[in-house]
Amino acid sequence: MVTALPDTLCYLNGHYTPLAEAKIPVLDRGFIFGDGIYDVVPVYGRRLFRFDEHLARLERSLAKIRIPNPHTRDEWLERCRCLVQTLAETRGVEDQVVYIQVTRGVAPRDHVMPEGIEPTVFMMVNPLKHATAEQRHHGVACITARDFRWERGDIKSTSLLGNVLARQMSADHGAVETIMFRDGFLTEASASNVWIVQEGALLGPPKSEHVLEGIRFELLRELCEDCDIAYNLRPVSEAEVLAADEVMLSSATKEVLPVTRLDGVPVGHGALRGKPGPVYARLYEAYQQAKRLQSI
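Listed below in structure tokens is the structure:
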């Protein structure tokens with residue numbers, strides 16, 4: 001079934017236009033090669049959450065593939081706020097996500113990076129789909145898989161076919177995510193970072209070229225410090241994930257979300273086996289406070 005595009009406002013190369021009317025040339029390198037970068041900024045009550053951190057990550061990824069940042073911070077912020085305000089006023093949607101994409105631009109098809117072309121800038125907003133009360137109360141199911149994607153997971157590239165295939169694997173099993181391992185160690189999920197709890201401490205994989213540095217890496221470090229929870233980034237083996245006291249996902253849209261079944265097996269031990277754990281509960285509450293304090 002084909003779904004009609006929404007008529008919400010988007011931004012494309014200096015112009016605001018209805019999303020269904022936005023067009024790019026077929027030789028845009030984002031279309032031909034996936035030669036571009038994107039980021040997603042959550043919005044709560046019309047306010048952008050950790051905007052500067054998202055913009056800094058966008059700038060890092062642009063620099064890694066040699067695309068100049070086409071806008072200043074204030075220009076990005078102005079465009080984000082215009083789209084957010086429009087959706088809020090026309091649809092009454094207060095919580096949103098802003099999608100930002102920058103591709104290298106339009107040029108004859110050639111693998112070599114052309115010089116002197118203008119980047120294509122595209123932005124749109126959508127309602128933020130919150131995790132349901134049932135998911136937070138009961139937790140969610142995930143599956144595991146070998147990380148078969150490319151080696152530069154640290155670049156937030158629009159080339160997402162590997163992630164699409166990984167996410168479809170979990171969808172086919174009625175799960176919300178595919179948690180992946182490379183050479184026996186945790187990397188990330190198809191569209192989320194992954195955390196475990198071991199003896200009360202929150203553990204995650206170290207920053208590397210195999211793992212996208214999620215905005216929640218630093219946020220969760222801050223929340224752990226506020227909640228007096230030990231926090232450590234180090235190699236996490238597949239065996240440790242399968243034996244963890246708690247497993248969690250984090251992302252712009254999931255915030256922090258408990259995983260209570262992994263490959264059909266309940267997560268955790270004892271009375272809390274298969275249930276969201278106490279570290280998740282503390283971090284979730286702290287996250288809600290951060291949303292109120294760290295949005296602009």
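So that you can map any letter, position 169 of the sequence shown is 169 in the working numbering, and since no number is skipped, the others follow by simple counting.
Just so you know, even glycine gets a beta-carbon here, dropped at the ideal spot from N, CA and C.
Predicted model only: the values in this text are computed from it and were never measured.
What residue from the options has the CA that sits closest to residue i's CA?
i, options, result
"residue 12", "60, 83, 46, 50", "83"
"residue 142", "131, 9, 176", "176"
"residue 89", "45, 225, 263, 101", "45"
"residue 224", "204, 267, 208, 209", "204"
"residue 25", "95, 64, 118, 139", "118"
"residue 32", "132, 81, 21, 108", "108"
"residue 349", "267, 257, 16", "Outside the shown range of the chain, which is 1 to 296, sits residue 349, and nothing can be said about it."
"residue 122", "86, 140, 19", "19"
"residue 100", "237, 146, 80, 254", "80"
"residue 87", "47, 110, 105", "47"
"residue 27", "85, 9, 103, 59", "103"
"residue 184", "263, 169, 236", "236"
"residue 281", "106, 135, 92, 129", "135"
Excluding the five sequence neighbours on either side, which residues of its own chain have a C-beta within less than 8 Å of the C-beta of residue i, listed in chain order?
i, result
"residue 199", "245"
"residue 57", "39, 156, 213, 215"
"residue 343", "Not covered by the structure: residue 343. The range shown for the chain is 1 to 296."
"residue 71", "79, 121"
"residue 85", "46"
"residue 30", "24, 36, 101, 103, 104, 120, 158"
Going by other Cβ atoms of all chains shown within 10 Å of its Cβ, with 16 needed for buried, is residue i buried or exposed?
i, result
"residue 323", "Residue 323 lies beyond the range of the chain shown here (1 to 296); nothing can be said about it."
"residue 75", "exposed"
"residue 120", "buried"
"residue 331", "Only positions 1 to 296 of the chain appear in the structure, and residue 331 is not among them; the question remains open."
"residue 35", "buried"
"residue 133", "exposed"
"residue 161", "exposed"
"residue 174", "exposed"
"residue 265", "exposed"
"residue 293", "exposed"
For residue i and residue j, I'd like the C-alpha separation in whole angstroms.
i, j, result
"residue 285", "residue 77", "28 Å"
"residue 227", "residue 219", "12 Å"
"residue 241", "residue 196", "6 Å"
"residue 61", "residue 259", "29 Å"
"residue 201", "residue 115", "48 Å"
"residue 54", "residue 163", "20 Å"
"residue 51", "residue 283", "20 Å"
"residue 137", "residue 289", "19 Å"
"residue 4", "residue 128", "19 Å"
Please name the residue or residues paired with residue i in a DSSP beta bridge.
i, result
"residue 96", "43, 127"
"residue 72", "In the DSSP output, where bridge partners are listed per residue, residue 72 has none listed."
"residue 16", "11"
"residue 284", "Paired residue(s): none; residue 284 is not in a bridge."
"residue 257", "249"
"residue 186", "181"
Give me, in chain order, the residues of the same chain whose beta-carbon lies closer than 7 Å to that of residue i; leave out the 5 immediate sequence neighbours on both sides.
i, result
"residue 271", "none"
Leaving out five residues before and five after residue i in sequence, what residues of the same chain have Cβ atoms less than 6 Å from its Cβ?
i, result
"residue 179", "142, 144, 189, 194"
"residue 231", "202, 221, 224"
"residue 256", "248, 250, 283, 284, 287"
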